[in-house]
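K.L.:
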Amino acid sequence: MRNNSITSIRLILYFIFAVLFLAGCKKEDVKNYADIMTEGEMEAELTSPPHVPKPVGNRTAMKLKLNMEIKEQEGTMTDGVKYTYWTFGGSVPGSFIRTRVGDEVEFHLKNHPDNKLPHNIDLHAVTGPGGGATSSLVAPGHEKVFSFKVINPGLYVYHCATAPVGMHIANGMYGLILVEPEGGLPPVDKEYYVMQGDFYTQGEYGAKGLQAFDMNKAIKETPDYVVFNGKVGSLTNGNELTAKVGETVRLFVGNGGPNLVSSFHVIGEIFDNVHIEGGSSINKNVQTTLIPAGGAAIVDFKVETPGTFILVDHSIFRAFNKGALGMLKVEGKENQNIYSGTIQEGIYLPEGGTIQKMPGGSNAKAVIPKRTIEEKVKIGKELFGTTCFACHQSEGQGIPNTFPPLAKSDYLNSDSKRAIKTIIHGLTGEITVNGKKYNNVMPAQNLSDDEIANVLTYIYSSWGNNKTEITPEMVKALR
Ligand code: HEC
Ligand SMILES: [Cu+2]
């Protein structure tokens, strides 16, 4: 009798254990990396954007010694515009940190003696109070050492968290730390580091000189600059990312904010894989991925056709008017199966006025009416507003580094025949306008002799130019 009851109690216990064990197995999806033992020690490789350190491959978890120096330094926001950046490692975004899950990081945070302020670091890859911020506040001329174990694979933002936090981030104090899974991410041919940030300056976009941070604009969330890698043109004009046809490109994309979220898109490409929000779930065949402020994503894609692919925040005024535009140059053989047609390097036609015009234009109609200068200016102004302004801007002021000004342009005023030819045939290669170099592509404009005469007469009679009058006959002679 007694034996029987003991046996049944045993059976019940076994059953309970079995159920608990099975439930435990189910949960095993997220592995616990906290218990991984590290083997050996190494110095962490740090890189400035757009470069990333070597992949971890299949090395074991290790102790990583990491030395990072905070520097407050003046840099260039765009042509003629300076800004005092606060940086992790001398670049915006800060140095890229590459680890594998289970690594134990011994972080040495140094605040350069010439700096004016204390700083700290909050790494989103850290499980612990303040992401490390509570242990890392460091005064100029000092060093703080703290250590943590990375236990969740993914791509994480780090940033300064010293009050006023928003101001430290707005001045460029952010970067990315990658925690690779065991065995590393699948190998690819090219890897790059791109991080968006919004900047708030006392002067408007393009206002010259050293620009101070504007707290009111930051609170209102109205940035003057929205850029990749800390400045306008960090990934254009000779700084393009590069790849060859057939290669696979992986971008580690972050967003430091402080305010805006990014609708990250590469014009002319589709992401084959996106690690959503930098985590472990992978979405496929994605056009635009959302990168929250203080968040990241890993995207990869194979480049199959040559050309220039444009990285943008698809909140598109930020790209064309505030700087959030980069380029990936792909070289190699054309692949007619995938894309056939004229490859227009470096240019996206946002409003596409001319492109949408019916071919042939109005040249077919033989008789061009005689127009007074006033008529030409009026018609030309309208045409400018639909066709040229997207690049050269409404007052002909252009966009620094990308689109030359037509206002008070010495290039324009010194040679009207060359200006006519520019519109008929387009223009590429380096030119100098008002002392600044441009090396970009203006597509040929599909306009009639009359239209070209009108738009140029308008431009010549505006914005301090030399009032040359252009006639349809002059245009015709240069066709
Ligand atoms: C898609 C952008 C784009 C459009 C649209 C465009 N341009 Fe340009 N334009 C450029 C670029 C880029 C250059 C400089 C090319 C280089 O670097 O070689 C340029 C150069 C010029 C120049 C000579 C440089 C200067 O500043 O004086 C003139 C004149 C000019 N464009 C006139 C026009 C007119 C007129 C229109 C409209 C009918 C127009 N452009 C439409 C991009 C554009
Ligand atoms: Cu700081």
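Each residue of the sequence shown is one higher than the one before, starting from 1 at the first, in full-length UniProt numbering.
Where is the CB? At the ideal position from N, CA and C, for every residue including glycine.
#1: Could you tell me how far apart the beta carbons of residue 502 and E41 are, in whole angstroms, since I believe they sit closer than 8 Å?
#2: Please determine, among F320, D313, T308 and V253, the residue with the shortest C-alpha to C-alpha distance to E334.
#3: Using a 10 Å radius around the Cβ and a threshold of 16 neighbouring Cβ atoms, would you call R479 buried or exposed?
#4: At 3 residues or longer, what runs of the beta strand (DSSP E) sit wholly inside the stretch 292 to 336?
#5: In terms of alpha-carbon separation, which member of F317, I452, A161 and S280 lies closest to E382?
#6: Examine ligand 1 and report whether any of its heavy atoms sits within less than 7 Å of the Cβ of P400.
#7: Are there any heavy atoms of ligand 2 lying less than 7 Å away from the beta-carbon of W463, as far as the coordinates show?
#8: Quick check: V145 and F199, are their CB atoms within less than 8 Å of each other?
#9: If we count Cβ pairs, one from each stretch, closer than 8 Å, do we get three or more for the stretch 53 to 72 versus the stretch 182 to 190?
#10: Below 7 Å, is the gap between the Cβ of T87 and the nearest heavy atom of ligand 2?
#11: What is the chain-ordered set of residues for which the beta carbon lies under 5 Å from any non-hydrogen atom of ligand 2?
#12: Mapping DSSP to helix, strand and coil, what is N465?
#13: Let me know the secondary structure DSSP gives G346 once reduced to three states.
#14: What would DSSP say about K417, mapped onto helix, strand or coil?
#15: So, for K329: in the same chain, excluding its five sequence neighbours on each side, which residues have a beta-carbon less than 6 Å away from its beta-carbon?
#16: So what does DSSP say about G429, is it helix, strand or coil?
#17: Looking only at its own chain, which residues have a Cβ that is under 6 Å from the Cβ of E345, when we skip the five neighbours before and after it?
#18: Let me check you understand the geometry: is the CB of H51 closer than 7 Å to at least one non-hydrogen atom of ligand 1?
#19: Between the Cα of Y193 and the Cα atoms of D449, P50, S416 and D415, which residue gives the shortest distance?
#20: Quick check on the burial criterion: 16 or more other C-beta atoms within 10 angstroms. Buried or exposed for K196?
#21: Measuring only from the beta carbon, is M442 closer than 7 Å to any heavy atom that is part of ligand 1?
#22: Output the boundary residues of the beta strand (DSSP E) element that contains A207.
#23: Using a threshold of 8 Å, state whether the C-beta atoms of residue 513 and S136 are closer than that.
#24: Please report the Cβ distance between E277 and G295, rounded to the nearest whole angstrom; I am assuming they are in contact, meaning their Cβ atoms lie under 8 Å.
#25: By the 10 Å Cβ neighbour count, where 16 or more other Cβ atoms means buried, how is C25 classified, buried or exposed?
#26: For A444, which residues in the same chain have their Cβ closer than 6 Å to its Cβ, ignoring the five residues on either side in sequence?
#27: Give me the residue from T372, G279 and P472 with the minimum Cα distance to I420.
#28: Ignoring anything shorter than 3 residues or poking outside the stretch 157 to 202, list the beta strand (DSSP E) runs there in chain order.
#29: What distance in whole Å lies between the Cβ atoms of P258 and A170, which are believed to be in contact at a cut-off of 8 Å?
#30: Compare the Cα-Cα distances from Y158 to each of R98, L176 and N434 and report the closest residue.
#31: Look up M215 in the DSSP assignment and say whether it is helix, strand or coil.
#32: Going by beta-carbon coordinates alone, are P306 and V245 separated by less than 8 Å?
#33: To the nearest angstrom, how far is the alpha carbon of D415 from that of S409?
#34: Which residues does DSSP list as the beta-bridge partners of L64?
#35: Can E143 and K116 be called in contact, C-beta distance under 8 Å?
#36: Which of helix, strand or coil does DSSP assign to residue 526?
P.N.:
Here's the rundown:
#1: Shown here, the chain extends from 1 to 479; a query on residue 502 therefore has no answer.
#2: Translated into positions along the sequence shown, residue 334 becomes position 334. Per the Cα distances, T308.
#3: Translated into positions along the sequence shown, residue 479 becomes position 479. Exposed: under 16 other Cβ atoms inside 10 Å.
#4: Here the runs fully enclosed are 295 to 302, 307 to 313 and 325 to 331.
#5: Sequence index remark: in the sequence shown, residue 382 carries index 382 (1-based). Ranked by how close their Cα comes to the Cα of E382, the residues F317, I452, A161 and S280 have I452 in first place.
#6: The residue you call residue 400 lines up with position 400 of the sequence shown. No, the beta carbon of P400 sits no closer than 7 Å to any heavy atom of ligand 1.
#7: Along the sequence shown, one-based indexing puts residue 463 at 463. Flag unset: Cβ of W463 not near ligand 2.
#8: Working through the sequence shown from its first residue, we reach residue 145 at position 145. Working through the sequence shown from its first residue, we reach residue 199 at position 199. Contact: no.
#9: Yes, they touch.
#10: Numbered from 1 along the sequence shown, position 87 holds the residue referred to as residue 87. No, the Cβ of T87 stays beyond 7 Å of every heavy atom of ligand 2.
#11: The filter returns H119, C160, T162, H168 and M173, in chain order.
#12: Within the sequence shown, numbered from 1, the residue matching residue 465 stands at position 465. It is coil, neither helix nor strand.
#13: To locate residue 346, count along the sequence shown from 1; it is residue 346. Low local confidence applies: a pLDDT of 48 at G346 is under 50, so the model's placement there is unreliable, and no value is given.
#14: Within the sequence shown, numbered from 1, the residue matching residue 417 stands at position 417. Correct three-state label for K417: helix.
#15: As a first step, residue 329 is located in the sequence shown; it is residue number 329 there, counting from the start. Same-chain partners within the cutoff: E240, T242 and T308.
#16: Indexing the sequence shown from 1 puts residue 429 at position 429. Residue state for G429 is assigned as strand, using DSSP reduced to three classes.
#17: In the sequence shown, residue 345 corresponds to position 345, counting from 1. Confidence at E345 is low in this model, with a pLDDT of 45, below 50, so its placement is unreliable and the value that follows should be read with caution. Here the set comprises T308 and V441.
#18: In the sequence shown, residue 51 corresponds to position 51, counting from 1. Not so, every heavy atom of ligand 1 lies at least 7 Å from the Cβ.
#19: The sequence position of residue 193 within the sequence shown is 193, counting from 1. For the set D449, P50, S416 and D415, the Cα lying nearest the Cα of Y193 is the one of P50.
#20: In the sequence shown, residue 196 corresponds to position 196, counting from 1. Lys is not the amino acid found at residue 196; the sequence shown has Gln there. Classification of Q196: buried, given that the 10 Å Cβ count is 16 or more.
#21: Here residue 442 refers to the residue found at position 442 when the sequence shown is read from its first residue. M442 Cβ: within cutoff of ligand 1.
#22: The residue labelled residue 207 in the question sits at position 207 within the sequence shown. No beta strand (DSSP E) contains A207, which DSSP labels as neither H nor E.
#23: For the chain, the structure presents residues 1 to 479; residue 513 sits outside this window and is missing.
#24: Looking up residue 277 in the sequence shown gives position 277. Looking up residue 295 in the sequence shown gives position 295. Distance from E277 to G295 at the Cβ level is roughly 6 Å; contact confirmed, criterion being Cβ atoms closer than 8 Å.
#25: Here residue 25 refers to the residue found at position 25 of the sequence shown. In this prediction, C25 scores a pLDDT of 48, lower than 50, which makes its location untrustworthy; no coordinate-derived value is stated.
#26: Counting from one through the sequence shown, the residue named residue 444 turns up at place 444. Result list for A444: H425 and G426, in chain order.
#27: Taking the sequence shown and counting its residues from 1, the one referred to as residue 420 is at position 420. Of the listed residues, the one whose Cα sits closest to I420 is P472.
#28: The stretch 157 to 202 contains, as complete beta strand (DSSP E) runs of 3+ residues, the segments 174 to 180 and 190 to 199 (chain order).
#29: As a position in the sequence shown, residue 170 is number 170, starting the count at 1. As a position in the sequence shown, residue 258 is number 258, starting the count at 1. Separation of the CB atoms of A170 and P258 is rounded to 5 Å, and the pair is thereby assigned contact status at 8 Å.
#30: Taking the sequence shown and counting its residues from 1, one reaches residue 158 at position 158. Among R98, L176 and N434, the Cα nearest to that of Y158 belongs to L176.
#31: Residue 215 sits at position 215 when you count from the first residue of the sequence shown. It is helical.
#32: Indexing the sequence shown from 1 puts residue 306 at position 306. Indexing the sequence shown from 1 puts residue 245 at position 245. Pairing P306 with V245 gives a Cβ-Cβ distance under 8 Å.
#33: Position 415 of the sequence shown, counting from 1, holds the residue named residue 415. Position 409 of the sequence shown, counting from 1, holds the residue named residue 409. CA-CA distance, D415 to S409, rounds to 11 Å.
#34: Counting from one through the sequence shown, the residue named residue 64 turns up at place 64. When DSSP reads this structure, L64 sits in a beta bridge with M42 and V105.
#35: Residue numbering aside, residue 143 sits at position 143 when the sequence shown is read from its first letter. Residue numbering aside, residue 116 sits at position 116 when the sequence shown is read from its first letter. No, they are not a contact pair.
#36: The structure shown does not extend to residue 526, since the chain spans only 1 to 479, so no value can be given for it.
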